[in-house]
Every structure is written in C-alpha cells, then in structure tokens.
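Numbering (my numbering), first residue to last: 2 to 115. For glycine and all other residues, C-beta sits at the position ideal for the given N, C-alpha and C. Take a look at the structure set out below.
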C-alpha cells in the first residue's frame with residue numbers, strides 16, 4: 002500500500018481511495034467493486050451510490066516502485082487497468098496528458114483495449 006496522503010483506507014467501510022493523475026479510484030475490497038470518478042469531483046459517500054455505477058474486479062495492487070495502481074479485472078489476470086499514481090509534485094500529469102494516464106490492457110494481445 003502506498004504510504005502517501007493520496008491513498009486512504011477506511012477500515013470501517015473496507016474502502017480504499019486512490020488518487021491517480023486523472024481519476025479518484027474508490028475500491029470496495031469486501032465486495033470486489035471499484036468506482037472511477039474524475040479527480041477533484043465533489044466529495045460523496047460511495048456506499049450511497051447505486052450498484053450499477055460500480056464495476057467488478059478480481060484483485061488490485063498498488064505498486065510503490067512504479068507508482069501504479071493495477072486493477073485486475075478477471076481472475077486469469079488477462080484484463081487489467083493501470084493508472085499512474087498522482088503525487089504532490091507530480092511530473093507525470095498535466096492537462097495535456099490526463100487523457101492517456103489510465104488505460105485498460107489485455108495481456109493476451111498486449112495492446113490497449115478500446
């Protein structure tokens with residue numbers, strides 16, 4: 002788990018919040034669901050949102066060394082989402098780069114999915 006102030010864990014709710022360069026990720030570990038919202042969106046209670054706004058996942062990893070959030074969408078680990086973790090002095094993002102900092106990939110063909 003990343004130890005910066007941009008990753009927050011609420012044990013009571015089993016919710017992990019992660020900030021990437023273009024999104025806020027809300028991860029419900031207990032129910033294997035995640036929600037992606039634009040970074041800087043209005044604060045909300047994730048438990049109050051309808052189930053159909055959430056997406057399922059198999060597991061996730063926060064890679065401190067590469068500064069990445071990796072969400073594995075299936076148990077075979079053949080579909081993944083990668084997002085670059087944002088930091089206070091982030092040199093990886095900016096308005097011109099926000100649209101490319103999160104991608105879904107298939108490990109079968111090693112290409113980004115549409």
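query, result
"Stretch-stretch touch, CB-based, cutoff 8 Å, three pairs: the region 80-88 with the region 59-71", "yes"
"Simplified DSSP state of residue 65, which is helix, strand or coil", "coil"
"DSSP state of residue 83 mapped onto helix, strand, coil", "strand"
"Collapsed DSSP secondary structure at residue 39 in the structure displayed", "strand"
"Residue environment, residue 74, which counts as buried when at least 16 other CB atoms sit within 10 Å", "buried"
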